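Trainee:
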Amino acid sequence: MPTLALAGGTSPSLGRAIVTAVFAHTSWNVLILSRSTRPPIWLRAIDQHAKRHKIAAVDYGSVDSLATTLKGQAVHTLVSVTSAVDGTQAQTQINLLRAAVSAGCKRFAPSQWGFGPKGWAEVGSLRWADQGVREECANHRDQIEIACFNQGSFMNYIGHGIFATPELEDVGDVAWAKYRSGAGYKPGEDEACEGLHRQGPLMDQSGAFLVGLKNGIAELPVKDDGQWPRITFTSMRDVGRFIAAALDLPRWKQEMGMAGDTLTMGELLASAEAVTGKKFKVTLIKRQDLLERLANTRDADFMQRLWIEFNLAYIRDRDDEVVVRPTLNELCPAVKPITVRDYMEKHWQGAP
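If you're matching positions, the sequence shown starts at 1 in the UniProt record's numbering and goes up one per residue.
#1: Here's the rule I'm using: 16 or more other beta-carbon atoms within 10 Å means buried, otherwise exposed. How should residue 86 be labelled?
#2: Taking C-beta to C-beta, are residue 269 and residue 211 nearer than 8 Å?
#3: State yes or no: is the C-beta of residue 246 within less than 8 Å of the C-beta of residue 105?
#4: Closest by CA to residue 285, which one among 201, 91, 346, 216?
#5: Whole angstroms is fine: what's the gap from residue 340's alpha carbon to residue 223's?
#6: Does DSSP put residue 108 in a helix, a strand or coil?
#7: Kindly indicate which residue of 156, 122, 152, 108 has the alpha-carbon position closest to the one of residue 137.
#8: Please classify residue 127 as buried or exposed, where buried requires at least 16 neighbouring CB atoms within 10 angstroms.
#9: Counting pairs of Cβ atoms below 8 Å between the stretch 183–201 and the stretch 248–259, do you hit three or more?
#10: Starting from the Cα of residue 41, find the closest Cα among 133, 183, 203, 153 and give me that residue.
#11: With a floor of 4 residues, list each alpha helix (DSSP H) that falls wholly inside the stretch 113–166, ordered by position along the chain.
#12: Starting from the Cα of residue 155, find the closest Cα among 147, 209, 164, 166 and give me that residue.
#13: With a CB to CB cut of under 8 Å and the five nearest residues on each side skipped, what residues in its chain are close to residue 334?
#14: Pop quiz: residue 344 and residue 213 are said to be a contact at Cβ under 8 Å. What is the actual Cβ separation, rounded to whole angstroms?
#15: Residue 80 bridges to which residues according to DSSP?
#16: Would you mind sorting residue 50 into buried or exposed? The rule is 16 or more other CB atoms within 10 Å of its CB.
#17: Which value, in whole angstroms, describes the spacing of the CA atoms of residue 34 and residue 300?
#18: When you compare the CB positions of residue 151 and residue 239, do they come within less than 8 Å of one another, or not?
#19: Would you mind reading off the limits of the alpha helix (DSSP H) that contains residue 15?
#20: For a quick check, are the C-beta atoms of residue 4 and residue 79 less than 8 Å apart?
#21: Roughly how many whole angstroms lie between the Cα atoms of residue 187 and residue 178?
#22: Consider the C-beta atom of residue 278 and the heavy atoms of the ligand FAD; say whether any pair is separated by less than 7 Å.
#23: Between 22, 43, 64, 144, which has its C-alpha nearest residue 10's C-alpha?
#24: Would you be able to state if there are at least three C-beta pairs under 8 Å between the stretch 314–326 and the stretch 225–237?
#25: Am I right that residue 218 and residue 282 are in contact with their C-beta atoms under 8 Å? What's the rounded C-beta distance?
#26: Distance, Cα to Cα, residue 71 vs residue 103?
#27: Use the C-beta contact count for residue 95: other C-beta atoms within 10 angstroms, 16 or more gives buried, fewer gives exposed.
#28: How many Å lie between residue 353 and residue 144 at the Cα?
#29: Based on Cα-Cα distance, which residue from 322, 291, 20 lies nearest to residue 264?
#30: Can you find the residues in the same chain that come closer than 7 Å, C-beta to C-beta, to residue 242, ignoring five residues on each side of it along the sequence?
#31: Going residue by residue through the stretch 200–231, where are the continuous beta strand (DSSP E) segments of at least 3 residues, counting only ones entirely within it?
#32: Across which residues does DSSP place residue 310 in a beta bridge pair?
#33: Please report the straight-line C-alpha distance between residue 290 and residue 90, rounded to a whole angstrom.
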């Protein structure tokens with residue numbers, strides 16, 4: 001069976017989404033590259049005896065060490081989901097690429113999850129993760145097949161708005177049993193939010209973004225002409241399913257976008273009100289207000305600047321930026337991603 005190496009694969013978000021999907025839908029084994037060999041509880045719950053995975057402790061700063069690890073496990077494909085906030089993210093992707101080439105891997109995907117290719121050029125707060133990465137990929141395309149995977153915005157921020165206050169953590173055997181029965185996900189908040197951090201800027205401090213179903217509020221960008229802009233949403237688990245399906249494709253394209261659902265902000269609001277039966281309190285976000293806020297926000301306030309720039313990108317309403325081309329949907333028609341309306345209905349019904 002072929003081996004996928006997943007850099008950062010112990011993460012409870014994209015790492016978990018891809019590992020669980022690969023186990024469920026493919027015959028591939030997984031080599032997880034991590035700074036620690038300690039398996040997270042969700043991984044122990046689904047592969048207790050490590051029959052389909054190995055964890056290798058690696059130094060992301062050493063190309064030679066990375067290459068030795070990849071070559072020793074005869075890795076076919078290397079996918080990165082690392083998210084280093086210490087300034088090393090871009091160099092880590094470059095090191096992983098060079099190691100994959102040195103080890104004779106056939107395919108590589110850097111950690112550039114999110115907006116389409118124009119987003120990395122236009123959204124200033126994303127550039128920290130892209131410094132030289134795409135140029136390095138272009139330099140190696142004759143040696144290894146390379147794709148950038150983009151999914152737009154994570155649908156799971158809606159889940160934070162449903163589970164507006166964090167649930168109590170389960171521990172020990174109780175937690176293990178819940179992860180085991182849910183194929184790596186606990187019912188409730190974990191199943192809805194899928195490891196996504198509560199980082200959204202919604203005023204109720206739930207960590208949600210755009211809509212908060214529990215509290216019936218919305219903060220939505222609007223275009224200069226008063227029309228609603230579009231947004232592409234994809235759930236974390238559907239990203240995992242698309243990547244699992246992509247492993248068996250005969251060829252990868254350079255840009256491998258995927259879309260769970262592309263809709264307008266107005267349609268997002270209408271679904272939220274229909275599912276909850278509430279009339280939402282809506283705050284409209286306009287370009288000029290955002291530009292003024294951005295000018296008065298310190299560079300050190302990274303998350304605040306990020307959300308402002310995201311909303312400006314939504315207002316631009318451009319293909320290949322906030323609206324992602326569904327390339328993987330077309331190449332992998334067996335993957336049926338959840339829509340925003342279905343996501344809301346599924347998790348709203350199960351919320352406390």
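Virtual Cβ for every residue (Gly too), placed ideally from N, Cα, C.
Remember, predicted model here, so these are calculated numbers, not experimental data.
Mentor: For this structure:
#1: Counting from 1 along the sequence shown, the entry for residue 86 is found at position 86. Under this definition residue 86 is an exposed residue.
#2: In the sequence shown, residue 269 corresponds to position 269, counting from 1. In the sequence shown, residue 211 corresponds to position 211, counting from 1. Contact: yes.
#3: On the sequence shown, position 246 is the one that residue 246 refers to. On the sequence shown, position 105 is the one that residue 105 refers to. For the 8 Å CB-CB criterion, residue 246 and residue 105 do not form a contact.
#4: Here residue 285 is taken as the residue at index 285 of the sequence shown, counted from 1. Out of 201, 91, 346, 216, 201 has the C-alpha closest to the C-alpha of residue 285.
#5: Taking the first residue of the sequence shown as 1, we reach residue 340 at position 340. Taking the first residue of the sequence shown as 1, we reach residue 223 at position 223. In a straight line, the C-alpha of residue 340 is about 21 Å away from that of residue 223.
#6: By 1-based counting over the sequence shown, the position of residue 108 is 108. It is a strand residue.
#7: The residue labelled residue 137 in the question sits at position 137 within the sequence shown. Ranking 156, 122, 152, 108 by Cα distance to residue 137 puts 108 first.
#8: Within the sequence shown, the letter at position 127 stands for residue 127. Burial check for residue 127: the Cβ neighbour count within 10 Å stays below 16, so the residue is exposed.
#9: No, the stretch 183–201 is not in contact with the stretch 248–259.
#10: Position 41 of the sequence shown, counted from the first residue, corresponds to residue 41. Out of 133, 183, 203, 153, the CA that lies nearest to the CA of residue 41 is found in 183.
#11: Within the stretch 113–166, the complete alpha helix (DSSP H) runs of at least 4 residues fall at 117–122, 133–139, 157–162.
#12: Residue mapping note: residue 155 aligns to position 155 of the sequence shown, counting from 1. Nearest C-alpha to residue 155: 209.
#13: Position 334 of the sequence shown holds residue 334. 245.
#14: For this step, residue 344 is matched to residue 344 along the sequence shown. For this step, residue 213 is matched to residue 213 along the sequence shown. Correct: roughly 7 Å between the Cβ atoms.
#15: Here residue 80 refers to the residue found at position 80 when the sequence shown is read from its first residue. As DSSP reads the structure, residue 80 sits in a beta bridge with 7.
#16: Taking the first residue of the sequence shown as 1, we reach residue 50 at position 50. Under this definition residue 50 is an exposed residue.
#17: If you number the sequence shown from 1, residue 34 lands on position 34. If you number the sequence shown from 1, residue 300 lands on position 300. Taking the straight line joining both Cα atoms gives about 28 Å.
#18: The sequence position of residue 151 within the sequence shown is 151, counting from 1. The sequence position of residue 239 within the sequence shown is 239, counting from 1. In this structure, residue 239 lies closer than 8 Å to residue 151 by Cβ.
#19: Start at 1 with the first residue of the sequence shown, and residue 15 comes out as number 15. Here the alpha helix (DSSP H) through residue 15 covers 14–25.
#20: Position 4 of the sequence shown, counted from the first residue, corresponds to residue 4. Position 79 of the sequence shown, counted from the first residue, corresponds to residue 79. Their beta carbons are under 8 Å apart, which means residue 4 touches residue 79 by this criterion.
#21: If you number the sequence shown from 1, residue 187 lands on position 187. If you number the sequence shown from 1, residue 178 lands on position 178. Taking the CA atoms as reference points, residue 187 sits about 7 Å from residue 178.
#22: For the structure depicted, the ligand FAD is absent and the ligand set is empty, with no information on it obtainable.
#23: Taking the sequence shown and counting its residues from 1, one reaches residue 10 at position 10. Ranking the options by Cα distance to residue 10, first place goes to 43.
#24: The stretch 225–237 vs the stretch 314–326: in contact.
#25: Start at 1 with the first residue of the sequence shown, and residue 218 comes out as number 218. Start at 1 with the first residue of the sequence shown, and residue 282 comes out as number 282. About 5 Å; that satisfies the 8 Å criterion.
#26: Walking along the sequence shown from the start, residue 71 turns up at place 71. Walking along the sequence shown from the start, residue 103 turns up at place 103. Going from the Cα of residue 71 to the Cα of residue 103 covers about 5 Å.
#27: Residue mapping note: residue 95 aligns to position 95 of the sequence shown, counting from 1. By the 10 Å Cβ count, residue 95 comes out buried.
#28: Since the first residue shown for the chain is 1 and the last is 352, residue 353 is missing from the structure and cannot be characterised.
#29: One-based indexing of the sequence shown puts residue 264 at position 264. Residue 322 is the option with its Cα nearest to residue 264.
#30: To locate residue 242, count along the sequence shown from 1; it is residue 242. Cβ neighbours of residue 242 within its own chain (closer than 7 Å, five residues either side excluded): 258, 328, 332, 335.
#31: Contiguous beta strand (DSSP E) elements confined to the stretch 200–231 occur at 217–221, taking only those with 3 or more residues.
#32: Walking along the sequence shown from the start, residue 310 turns up at place 310. BP columns for residue 310 are empty, so no partner.
#33: Stepping through the sequence shown from its first residue, residue 290 is reached at position 290. Stepping through the sequence shown from its first residue, residue 90 is reached at position 90. Cα to Cα, residue 290 sits roughly 28 Å from residue 90.
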